[in-house]
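The next block holds one structure in the form of structure tokens; read it before the comments.
Protein chains in written order, with UniProt numbering: chain A, 1 to 428; chain B, 1 to 330.
Quick look at the structure:
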């Protein structure tokens with residue numbers, strides 16, 4: 001309506017020009033920084049974990065930057081589920097971090113989408129060495145001839161226990177103990193000390209995988225599910241009864257303290273998880289946390305295999321050589337092992353394994369545990385994880401949790417799980 | 001994702017409208033300059049608007065059109081979208097978790113909105129009276145609305161409603177033993193309702209403005225005729241502020257449908273326990289960003305837009321029956 005008397009058209013155009021230039025600058029600022037021309041190169045490293053891991057990783061990065069002044073590493077971390085939400089979005093947007101922490105569940109999924117960097121050319125160029133890995137771990141992330149990750153440590157499933165509670169109850173789990181013995185122990189703990197025996201294991205995909213393997217099946221086949229309603233229904237029906245009888249921790253209480261662990265908070269005396277979790281729980285909880293073997297069905301076979309956290313590069317990275325250098329440093333440098341300890345499992349290379357001799361109780365327990373299962377000869381090859389395995393893992397955990405809270409009957413829960421699993425296998 | 005924006009000034013109260021009519025453009029000479037705006041002025045205008053126009057086209061309109069397309073496809077973010085027609089929509093109706101999300105959201109809207117508006121109106125009526133410290137109270141009651149949408153408030157909420165926290169202990173004093181609300185699928189939704197009710201500041205301010213417009217003479221006349229408090233409320237206050245009430249109902253209903261942050265944070269990102277806080281947008285986010293089903297998530301977004309549109313239309317249609325606009329400035 002009114003005219004702009006103060007400013008003439010030329011000035012106005014100038015202003016408009018400035019604002020357009022401003023937009024351009026902002027856009028330029030979004031691009032990834034520091035490439036080429038001799039200056040320092042910046043790579044981004046993202047990983048999942050908690051605070052204690054954050055401190056250790058940062059120390060390693062400082063050390064790396066000192067030894068490689070031309071490479072800068074920016075880090076960030078989230079909780080496990082949030083990590084993948086963020087990574088998914090970043091990867092889809094073409095701006096993923098250069099180096100990520102990774103696990104076997106995700107390899108085929110992201111391989112199918114060309115997200116992960118094949119590191120084998122870097123091995124040929126000498127930027128990354130595959131020598132000196134323990135137990136053939138360097139082949140762990142070799143998928144169809146592509147090297148999609150390098151293990152930083154190996155770990156196995158274990159029963160992490162509150163040692164004080166177990167000692168008071170007079171229970172000493174031994175290799176080869178059975179599910180019946182385990183259950184009897186939990187009853188004793190509940191009756192004697194008014195503590196639940198377990199956090200509630202029926203949503204842990206990796207444990208159920210072991211149970212299935214003990215019975216000649218597995219959670220996954222190459223391209224689908226390795227079990228059916230006939231297996232899962234009795235398992236979950238039994239679990240619900242145990243929640244109700246107080247053998248498994250009160251799900252309402254477990255829910256409220258998340259993301260803290262119910263074991264570390266003293267709400268239960270055991271949890272089936274990866275053995276390196278005992279380090280985190282020792283940092284968070286007040287009791288002493290030890291490791292007990294996985295119970296077996298036949299008194300012998302546990303169905304266990306080595307799992308591994310690994311580092312993977314992004315296929316979109318502009319600095320594959322620097323990515324390889326960083327991954328090599330994190331896997332081979334002895335000092336890294338002394339900083340990290342067994343935080344991400346027992347170090348994957350002999351150099352790192354020998355550099356770190358555990359002195360604290362939880363780490364010693366992990367070393368003893370890993371040695372014991374290796375000597376017991378229970379380790380078997382890992383079962384495949386098809387694309388979609390990560391979504392199925394999350395659904396298994398969620399639906400089992402809903403079952404505990406009484407949302408749905410075991411029958412409906414089982415039905416819901418297989419329906420979601422089918423969708424996940426179809427769309428990933 | 002859908003965005004529905006309604007500017008608070010879009011619908012002024014009845015007396016404002018009549019005031020505008022008296023001093024409207026027809027009453028005097030139109031305030032135009034010495035000559036009609038030329039093309040150069042138009043150009044400058046568009047240039048000034050260009051950042052906004054660019055933002056609208058590239059950040060709102062473009063993505064919206066794309067998401068409409070995606071809603072008819074299967075799209076996992078990485079592979080090219082695959083056309084599946086209406087399958088996402090049929091899948092939705094067959095999906096028990098989707099039905100759960102609709103149920104939770106409807107429940108939240110149906111309880112949260114009326115309770116919040118009732119609280120806002122009640123406090124506004126208290127604050128409309130002249131009393132000592134009036135401005136302080138107004139500011140104090142408005143404060144939660146300023147911080148309410150933030151992540152920190154939701155985190156505090158989670159702490160307040162846990163086992164053995166403030167709410168649990170206070171309840172116990174009165175002999176009510178429910179345990180923490182956060183872990184209880186039956187109770188957690190009420191923690192969310194409490195969070196939204198606590199943020200009644202914005203509708204309260206609008207109610208206050210509406211209450212100020214009600215002529216005192218009406219109350220005086222009613223009092224002379226022997227009308228009690230409730231009669232005066234139902235026969236004078238409510239009809240006189242009905243346009244403001246309508247505005248608040250509309251805004252808060254739409255707003256409630258879009259709940260995400262508080263549900264996501266209070267449940268620690270799980271929208272649980274047992275899907276008890278699986279509000280619509282939470283499930284949309286879950287399907288899109290966790291399960292990488294962007295086509296399905298887009299379809300959900302568009303269905304939400306349609307549903308909110310329908311509810312809005314019904315509200316507008318219903319206002320004939322209960323909203324009274326003053327005609328011709330009395």
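Every residue gets a Cβ at the ideal spot worked out from N, C-alpha and C, and that includes glycine.
Ordered along the chain, which non-local residues of its own chain (more than five positions away) have a Cβ less than 7 Å from that of residue i?
i                      : result
residue 56 of chain A  : 339, 340, 343
residue 187 of chain B : 178, 181
residue 294 of chain A : 157, 158, 159, 210, 302, 304
residue 298 of chain B : 67, 70, 71
residue 421 of chain A : 225, 392, 395
residue 335 of chain A : 63
residue 263 of chain B : 192, 271, 277, 279, 282
At which residues does the alpha helix (DSSP H) containing residue i begin and terminate?
i                      : result
residue 108 of chain A : 107-112
residue 339 of chain A : 334-340
residue 366 of chain A : 361-376
residue 101 of chain A : Segment 99-102 is the beta strand (DSSP E) holding residue 101 of chain A; no alpha helix (DSSP H) there.
residue 215 of chain B : No alpha helix (DSSP H) holds residue 215 of chain B; DSSP gives it neither H nor E.
residue 335 of chain B : This structure leaves residue 335 of chain B out entirely; chain B is present only between 1 and 330.
residue 60 of chain A  : 51-67
residue 169 of chain B : 166-173
residue 122 of chain A : 120-125
residue 429 of chain A : With chain A covering 1 to 428 only, the question about residue 429 of chain A has no answer from this structure.
residue 282 of chain B : 280-285
residue 350 of chain A : 350-355
residue 95 of chain A  : Neither: residue 95 of chain A is in no alpha helix (DSSP H) and is coded neither H nor E.
Could you tell me the boundaries of the beta strand (DSSP E) in which residue i lies?
i                      : result
residue 90 of chain A  : Unbroken run through residue 90 of chain A is the alpha helix (DSSP H), 80-92; no beta strand (DSSP E).
residue 274 of chain A : 270-274
residue 311 of chain A : 307-313
residue 44 of chain A  : 41-48
Can you say whether residue i is buried or exposed, counting buried as having 16 or more other CB atoms within 10 angstroms of its CB?
i                      : result
residue 37 of chain A  : Residue confidence is low: residue 37 of chain A scores 49 on pLDDT, short of 50, so the model does not pin down where it sits. No coordinate-derived value is stated.
residue 259 of chain B : buried
residue 291 of chain B : buried
residue 370 of chain A : buried
residue 255 of chain B : buried
residue 139 of chain B : exposed
residue 94 of chain A  : exposed
residue 259 of chain A : exposed
residue 238 of chain A : exposed
residue 69 of chain A  : exposed
residue 253 of chain B : buried
residue 236 of chain A : buried
residue 131 of chain A : exposed
residue 122 of chain A : buried
residue 53 of chain A  : buried
residue 217 of chain B : exposed
Please state whether DSSP places residue i in a helix, a strand or coil.
i                      : result
residue 74 of chain B  : strand
residue 215 of chain A : coil
residue 382 of chain A : coil
residue 300 of chain A : coil
residue 171 of chain A : coil
residue 27 of chain A  : In this prediction, residue 27 of chain A has a pLDDT of 39, which is less than 50 and means its spatial position is unreliable; what the coordinates show is noted afterwards. Looking at residue 27 of chain A - three-state DSSP - the assignment turns out to be helix.
residue 158 of chain A : strand
residue 77 of chain A  : strand
residue 290 of chain A : strand
residue 261 of chain B : helix
residue 37 of chain A  : Residue placement at residue 37 of chain A cannot be trusted, given a pLDDT of 49 that sits under 50; the coordinates are not used to answer.
residue 200 of chain B : coil
residue 143 of chain B : helix
residue 82 of chain B  : strand
residue 402 of chain A : helix
Does the distance between the C-beta of residue i and the nearest non-hydrogen atom of the ligand GDP fall short of 8 Å?
i                      : result
residue 152 of chain A : This structure lacks the ligand GDP; in fact it carries no ligand of any kind.
Near residue i, what residues of its chain come up, given a Cβ to Cβ distance below 6 Å and the 5 sequence neighbours on each side ignored?
i                      : result
residue 242 of chain A : 248
residue 74 of chain B  : 82, 84, 295
residue 204 of chain A : 272
Excluding five sequence neighbours on each side, which residues of the same chain lie with their C-beta closer than 8 Å to the C-beta of residue i?
i                      : result
residue 228 of chain A : 418
Problem set entry | Any 3 or more C-beta pairs closer than 8 Å across the stretch 275-290 of chain B and the stretch 207-227 of chain B | no
Exercise. For the stretch 191-199 of chain A against the stretch 265-278 of chain A, are there 3 or more C-beta pairs whose distance is under 8 Å?
Worked result: Counting C-beta pairs with one atom in each stretch, the stretch 191-199 of chain A and the stretch 265-278 of chain A have three or more that are closer than 8 Å, which means they touch.
Exercise. Should the stretch 343-357 of chain A be regarded as contacting the stretch 132-152 of chain A, the criterion being three or more beta carbon pairs within less than 8 Å?
Worked result: yes
Exercise. Would you say the stretch 185-202 of chain B touches the stretch 109-126 of chain B, given that touching needs at least three Cβ pairs under 8 Å?
Worked result: yes
Exercise. Do three or more CB pairs link the stretch 127-139 of chain B to the stretch 98-111 of chain B at distances below 8 Å?
Worked result: Too few Cβ pairs lie closer than 8 Å, so no.
Exercise. With contact counted as at least three CB pairs below 8 Å, one residue from each stretch, are the stretch 162-169 of chain B and the stretch 232-249 of chain B in contact?
Worked result: No contact exists between the stretch 162-169 of chain B and the stretch 232-249 of chain B.
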